[in-house]
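Trainee: Residue -19 is where the sequence shown starts when you use this note's numbering, and the numbers rise one by one after that.
A single structure is presented below for examination.
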Amino acid sequence: MTSPVRRITPKKAILVLFDISAAVAAILFACLIYYSGSIPASTLDSLRNTWYIYLITSGFVFYLSGFYDQMWAYSSGTAYLSLFIGVSFHMLVMVMVSQLLGERLGFPIYILYWFLLLTAVSGVRLLYRLTRSNSPFLARIRGRDPVTGQIRVMIVGAGVAGSQVILEMKTRQQVRVPILAIDDNPLTHTYQNNGVPVLGNRFAIPALARQYEIDEIIIAIPSARPERIREIVEICHQTPCRVRILPFFGDLIEGRFTLADIRDVAIEDLLGRDPQDLEIDKISSYLTGKTVLITGGGGSIGGELCRQIAPFGPSRLIIFEIYENNAYTLQQELSARYGTSLNLTVLIGSIRDQARLNDVFETYRPDVVFHAAAHKHVPLMEESRADAVKNNVYGTRNVAETSGRYGASRFVLISTDKAVNPTNVMGSTKRIAEMVIMQMRERFPETRYAAVRFGNVLGSSGSVIPLFKQQIEREKRVTVTHPDIERFFMTIPEAACLVLQAGAYANGGEIFVLDMGKPVKISDLARDLIRLSGYEPDVDIPIEYVGLRPGEKMFEELYLDSEAMHKTEHDKIFVLEPVASKQALRTEAKRLEGIINASESGLGSFLDQLLK
-19 MTSPVRRITP KKAILVLFDI SAAVAAILFA CLIYYSGSIP ASTLDSLRNT
31 WYIYLITSGF VFYLSGFYDQ MWAYSSGTAY LSLFIGVSFH MLVMVMVSQL
81 LGERLGFPIY ILYWFLLLTA VSGVRLLYRL TRSNSPFLAR IRGRDPVTGQ
131 IRVMIVGAGV AGSQVILEMK TRQQVRVPIL AIDDNPLTHT YQNNGVPVLG
181 NRFAIPALAR QYEIDEIIIA IPSARPERIR EIVEICHQTP CRVRILPFFG
231 DLIEGRFTLA DIRDVAIEDL LGRDPQDLEI DKISSYLTGK TVLITGGGGS
281 IGGELCRQIA PFGPSRLIIF EIYENNAYTL QQELSARYGT SLNLTVLIGS
331 IRDQARLNDV FETYRPDVVF HAAAHKHVPL MEESRADAVK NNVYGTRNVA
381 ETSGRYGASR FVLISTDKAV NPTNVMGSTK RIAEMVIMQM RERFPETRYA
431 AVRFGNVLGS SGSVIPLFKQ QIEREKRVTV THPDIERFFM TIPEAACLVL
481 QAGAYANGGE IFVLDMGKPV KISDLARDLI RLSGYEPDVD IPIEYVGLRP
531 GEKMFEELYL DSEAMHKTEH DKIFVLEPVA SKQALRTEAK RLEGIINASE
581 SGLGSFLDQL LK
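So, in structure tokens, the structure goes:
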């Protein structure tokens, strides 16, 4: 793995050139001021002999002082303190160098030099910060009312949603003022929408934003496909305006919205896909009036399963979670939304604890079990092999076996694309977990066991999206393992609803695979997030490639060569024809055992017993 290094982006390079030029100009102006415009010949000779030293030392000292590591658009007092320290240290260096070279200038000149240089380097950064701020002074320049601070808004979409946004802004006396609307339908361009002119299509956004001094653009097309939203956002990024969006109607209660629903554009808006058509009757048939238990119910997928199961009216919804904070947060959310209409039970426990599982199943007798609890972090599991086996393999065995013994009608394992031809510990343990499920159908034929395999979900805890956001905010850089590494992505709600649909198709022993669409380059994802954060990739925020992590693959697969894939009734869900040969499974199991290489876990004897 290569270590990340500090890079000079084009914007930083401009700042470096300004600073070193300012250093040379500052010493010249200091002499002009001190000598009232008539510099003695001896002093001019000293300047001719040392000007390049001012240039070199200023760049070197300023670089080491962190002048070019700050996000000056959002800088605070501590950032400007670094300028004070850096310029002061540079002046001391120049005094010492001048003494050594015998090119001495008067001490007052150095004080003037320090003041002028500090003013220059601080002033240019402060000016840049002001241009990115919402100050009343800048509001006047941008066309806002300097007293009220009103924000001039462009609405993209002059249909029903756009009309409602305009009307809401006008009737509620908002700080935001609708100035004009944009629509791709040319027939709307000669009309006004609630008193707001419709002036062009999406390609006119940059020119109209400049002409009308727009501060904010709101995309009000909640029925638009993600591909179209992405195109519009890319056009909007050609302007300095803040870009916000009205969410998809399916995200809004009963299709109604308020201005509070309008939010900043998220990566899900760009990578999300069309809403899924679900067979509600089939899902309801196995959830409504049933006791449903979700292991890992406080996690990203487990929590979303709880949210989507609740409206189906289970007789009891059980969140089984080892992390009490996650469970408590979800409990508060669901209780606030459903009140006493949802019979919610939150239990803290571990899937490794067989006695605890026995107690839970004996007490509540769940009809349906979704098993989402697992260790999921690839690099971490490389260093905790035995623990990965205990949780992902033995934990799955515990929950699946207990479900069968206590008569659960369905058991659905949340699997991963990393279980396909795995090269790492985490993927290998999840593949073995799939084998466990396949074998359970022979022991407990009354329980419909199934696994659902899919790729990465956007925004899940510990995933690349939150990591990139933290890096953009804190480190001023984004690290990607390889320029060409690819991953499948879907949103958490989409994954959860397809898991529920797949559960309706379960007959016993199937592995379902979700259609993940096209794989996405992680580097492209990083660039999108940087732009959504208001920066320019490789200019404001550099992308650094740090090398593949232990166990990481360049791309993921969704099924094995030996697995035949067939369509289901849903066009986004496929079912695999499992490997029937016990000998083939034993051969695969031996390979997986070799990858995991955790002799202390007892995995070898477990696999022999499982596949005998």
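Don't be surprised by glycine CBs; every beta carbon is placed ideally from N, CA and C.
1) Leaving out five residues on either side along the sequence, give the residues of the same chain with a beta carbon under 7 Å from the beta carbon of glycine 658.
2) Quick check on DSSP: helix, strand or coil for glutamine 172?
3) Identify the residues that DSSP records as bridge partners of serine 271: which are they?
4) How about the region 368 to 387 and the region 306 to 325: do they share at least three Cβ pairs that are nearer than 8 Å?
5) Does serine 38 pass the burial test, meaning 16 or more other C-beta atoms within 10 Å, or should it be called exposed?
6) Are at least three pairs of beta-carbons, each pair with one atom in the region 426 to 436 and one in the region 485 to 495, less than 8 Å apart?
7) Indicate the three-state DSSP secondary structure (helix, strand or coil) for leucine 92 in the structure shown.
8) To the nearest angstrom, how far is the alpha carbon of aspartate 588 from that of arginine 566?
9) Would the beta-carbon of isoleucine 465 fall within 8 Å of that of leucine 572?
10) By DSSP, does glutamate 524 sit in helix, in strand, or in coil?
11) Thinking C-alpha only, which one of Asp261, Glu342, Val178 and Glu211 is nearest leucine 273?
12) Is the beta carbon of lysine -8 sitting closer than 8 Å to the one on tyrosine 60?
13) If I measure Cβ to Cβ from histidine 217 and keep anything under 8 Å in the same chain, skipping five residues before and after, which residues do I get?
14) Taking the C-alpha atoms as reference points, what is the distance between arginine 421 and serine 383?
15) What residue does the beta strand (DSSP E) around threonine 471 start on, and which one ends it?
16) Quickly, what does DSSP pair isoleucine 135 with across the bridge? List them, please.
17) Return helix, strand or coil for leucine 85, following the three-state DSSP convention.
18) Does the Cβ-Cβ distance between alanine 246 and threonine 219 come in under 8 Å?
19) Are the CB atoms of tryptophan 94 and serine 68 within a distance shorter than 8 Å?
20) Please check the pair proline 202 and leucine 226, which I expect to be a contact at CB under 8 Å, by giving their CB distance rounded to whole angstroms.
21) Could you name the residues of the same chain whose beta carbon sits closer than 6 Å to that of proline 402, not counting the 5 residues immediately before and after it, in chain order?
22) Quick test of the definition: if touching needs 3 or more C-beta pairs under 8 Å, does the region 292 to 306 touch the region 256 to 269?
23) How many angstroms separate the CA atom of proline -16 from the CA atom of arginine 457?
24) Quick check: what's the CA-CA separation for proline 177 versus methionine 134?
25) What is the residue span of the alpha helix (DSSP H) that leucine 8 lies within?
26) For asparagine 305, count neighbouring C-beta atoms within 10 Å of its own C-beta (all shown protein chains included) and say buried if the count is 16 or more, exposed if not.
27) Since alanine 622 contacts asparagine 173 with CB under 8 Å, what's their CB separation in whole angstroms?
28) Is it right to say alanine 316 is buried, meaning 16 or more other beta carbons lie within 10 angstroms of its own, or is it exposed?
29) Using only the alpha-carbon positions, how far apart do phenylalanine 468 and isoleucine 199 sit?
30) Under DSSP, the beta strand (DSSP E) around phenylalanine 434 begins and ends at which residues?
31) Check the DSSP bridge columns for histidine 217 and list the partner residues they point to.
32) What is the residue span of the alpha helix (DSSP H) that isoleucine 576 lies within?
33) What's the gap between the Cα of glutamine 563 and the Cα of alanine 475?
34) Going by CA-CA distance only, name the one from Ala138, Tyr34, Ala204 and Leu505 that's closest to glycine 180.
35) Looking only at its own chain, which residues have a Cβ that is under 7 Å from the Cβ of valine 73, when we skip the five neighbours before and after it?
Mentor: This is what the structure holds:
1) Not covered by the structure: residue 658. The range shown for the chain is -19 to 592.
2) strand
3) The displayed chain sequence assigns threonine, not serine, to residue 271. Answer is Arg296.
4) no
5) buried
6) yes
7) helix
8) 8 Å
9) no
10) strand
11) Glu342
12) no
13) Val223 and Arg511
14) 11 Å
15) 469 to 471
16) Ala161 and Ile198
17) coil
18) no
19) yes
20) 5 Å
21) Ser408 and Arg411
22) yes
23) Residue placement at proline -16 cannot be trusted, given a pLDDT of 38 that sits under 50; what the coordinates show is reported in the next sentence. Their Cα atoms are separated by approximately 10 Å.
24) 10 Å
25) -10 to 14
26) exposed
27) This structure does not reach residue 622, given that the chain is present from -19 up to 592, and the question cannot be answered.
28) exposed
29) 26 Å
30) Careful: phenylalanine 434 lies outside any beta strand (DSSP E) and carries neither H nor E.
31) DSSP output for histidine 217 lists no bridge partner at all.
32) 562 to 576
33) 33 Å
34) Ala138
35) Thr37 and Val41
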